[in-house]
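When we follow our numbering, the leftmost residue of the sequence shown carries the number 5, and every step to the right adds one.
Cβ atoms here follow ideal geometry from the backbone N, Cα and C, with glycine treated the same way.
Below is one structure, written out as structure tokens; comments come after it.
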Amino acid sequence: MRFLSPAKINLHLEVLEKRPDGYHEVQTLLKRVDLSDEMEVHPGGQGIRLILEGEEVPPGMENLACRAASIFCRETGIPEDLEIRIRKRIPVAAGLGGGSSNAASVLAALNDLFRTGLNSHALMGMGAKLGADIPFFIFQRPALAKGKGERLTAVSMPEGLGFLLLVPPFRISTSWSYETFDRLTGGKRKTGTPLRDSYSTLADLLEVLKNDLEIPALSRYPEIGRMKEALLRQGARGALMSGSGPVTFGIFPSREKAEEARRKLVLPRDWKAEICCGL
Ligand code: ATP
Numbered sequence: 005m006r007f008l009s010p011a012k013i014n015l016h017l018e019v020l021e022k023r024p025d026g027y028h029e030v031q032t033l034l035k036r037v038d039l040s041d042e043m044e045v046h047p048g049g050q051g052i053r054l055i056l057e058g059e060e061v062p063p064g065m066e067n068l069a070c071r072a073a074s075i076f077c078r079e080t081g082i083p084e085d086l087e088i089r090i091r092k093r094i095p096v097a098a099g100l101g102g103g104s105s106n107a108a109s110v111l112a113a114l115n116d117l118f119r120t121g122l123n124s125h126a127l128m129g130m131g132a133k134l135g136a137d138i139p140f141f142i143f144q145r146p147a148l149a150k151g152k153g154e155r156l157t158a159v160s161m162p163e164g165l166g167f168l169l170l171v172p173p174f175r176i177s178t179s180w181s182y183e184t185f186d187r188l189t190g191g192k193r194k195t196g197t198p199l200r201d202s203y204s205t206l207a208d209l210l211e212v213l214k215n216d217l218e219i220p221a222l223s224r225y226p227e228i229g230r231m232k233e234a235l236l237r238q239g240a241r242g243a244l245m246s247g248s249g250p251v252t253f254g255i256f257p258s259r260e261k262a263e264e265a266r267r268k269l270v271l272p273r274d275w276k277a278e279i280c281c282g283l
């Protein structure tokens, strides 16, 4: 079975208090975009075998896709004899949730392949055991996520937007990002900005465009701030870093406008650009 495993971007991300279990409460607006890894799952062989192409991700059972397959098989009683292929197109440790997406896609694909008939609530429960962003990718709609990121509400957002993603040549680890956020802000507690469940125009969405994790990222990589300004100069209606970064995107009213900006934008050495649309 072949399928696509899409990336996500965060259009809003606020870090709230730190919980007794060490995680931070967050509130974030998430949207999937059509920049995707290509994946395949086939039954057979012995054990879970992973074949990787493209960007470097952990091999074998360290990989989130294999760990998701293992949980699925254990909980449904299906033999753990599978081949998983990932052709990686989503930049890794970039704030685009590629690993979580691969895990969610494997859970959904195995449910179809073996006709196990689990509903999305059950699949989201399995996914939440592995990572806070995984339930969002099973949810398959733009969402407001709270808690560690697993408490989801559907949010309507304008259709047809174009995104220009800028991919720097460095990675940011999510744990470094939260630790540095705490150090730089002194662990200040705050209540989140009130968010709605419907943003009918791009202007409405731009009002809540914000990412607290830009604080640690910009402290170490000021070039992210310079590229946000460059995106705005080339006509982006808003610009933001996604998740824990470092991928930074500009929002445009259409894909064509994003492509126009791409042609004019001068990228720093080794940076890449990707154009995509919302899903
Ligand atoms: P998030 O925003 O959810 O923290 P991210 O986009 O910053 O995620 P990912 O690309 O999901 O980062 O990778 C996070 C970590 O997970 C990396 O250290 C990576 O090596 C590991 N990982 C494990 N399996 C995968 C996978 N299938 N694809 C990508 N990364 C994976």
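- Secondary structure in the segment 103-159: the alpha helix (DSSP H) runs of 4 residues or longer, each lying completely within the stretch, are 124-132, 138-143 in chain order.
- Cα atoms of Ala207 and Glu278: separation of roughly 23 Å, rounded to the nearest angstrom.
- Nearest in C-alpha terms to Lys194, of all of Val30, Asn14, Leu15, Pro24, is Val30.
- Excluding residues up to 5 positions away in sequence, Gly164, Leu165, Gly166 lie with their Cβ nearer than 8 Å to the Cβ of Ser258 in the same chain.
- In this structure, Gly229 has its CB at a distance of at least 7 Å from all heavy atoms of the ligand ATP.
- Within the chosen limit of 7 Å, the ligand ATP reaches the beta carbon of Pro62 through at least one heavy atom.
- With fewer than 16 other CB atoms across the displayed protein chains lying within 10 angstroms of its CB, Gln50 is exposed.
- Taking non-hydrogen atoms of the ligand ATP into account, the C-beta of Ala158 is found less than 7 Å away from none of them.
- Residue nearest to Ser9 within the set Leu111, Pro63, Asp274, Lys133 is Leu111 (criterion: CA-CA distance).
- Within 7 Å of the C-beta of Asn106 there is at least one heavy atom belonging to the ligand ATP.
- Between the segment 258-277 and the segment 171-191 there are three or more inter-stretch CB-CB distances shorter than 8 Å, so the stretches are counted as touching.
- Not one heavy atom of the ligand ATP falls within 7 Å of the beta-carbon of Gly58.
- Contiguous beta strand (DSSP E) elements confined to the segment 208-281 occur at 242-245, 252-256, 276-281, taking only those with 3 or more residues.
- Beta-bridge annotation (DSSP): Phe7 is paired with Met43.
- With 16 or more other Cβ atoms inside 10 Å of its own Cβ, Leu17 counts as buried.
- In this structure, the straight-line span from the alpha carbon of Leu168 to that of Ala11 is close to 13 Å.
- In this structure, the alpha-carbon of Pro63 lies about 21 Å from that of Ala132.
- Its Cα nearest to that of Gly101, the residue Ile142 stands out among Leu127, Thr80, Ser74, Ile142.
- The ligand ATP never approaches Ile279 closely enough for any of its heavy atoms to be under 7 Å from the residue's Cβ.
- Shown here for Ala97: same chain residues with a beta carbon closer than 7 Å to its own, the five before and five after excluded, namely Arg175, Ile176, Ser177 in chain order.
- Contact between the segment 231-238 and the segment 259-269 is established, with three or more Cβ pairs separated by less than 8 Å.
- Annotation: the continuous alpha helix (DSSP H) that includes Leu68 extends over 68-80.
- Sequence-distant Cβ neighbours of Gly254 in its own chain, meaning closer than 6 Å and more than five residues away, are Leu168, Leu235, Ala240, Ala243.
- Counting every other CB atom within 10 Å of its CB across the protein chains shown gives Glu218 a total of 16 or more, marking it as buried.
- Put simply, the segment 67-87 does not touch the segment 148-155. Fewer than three CB pairs are less than 8 Å apart.
- The beta-bridge partner set that DSSP reports for Gly58 consists of Lys92.
- Closest in C-alpha terms to Phe7, from the list Asp25, Asp38, Leu34, comes Asp38.
- Only buried fits Lys232, as 16 or more other CB atoms lie within 10 angstroms of its CB.
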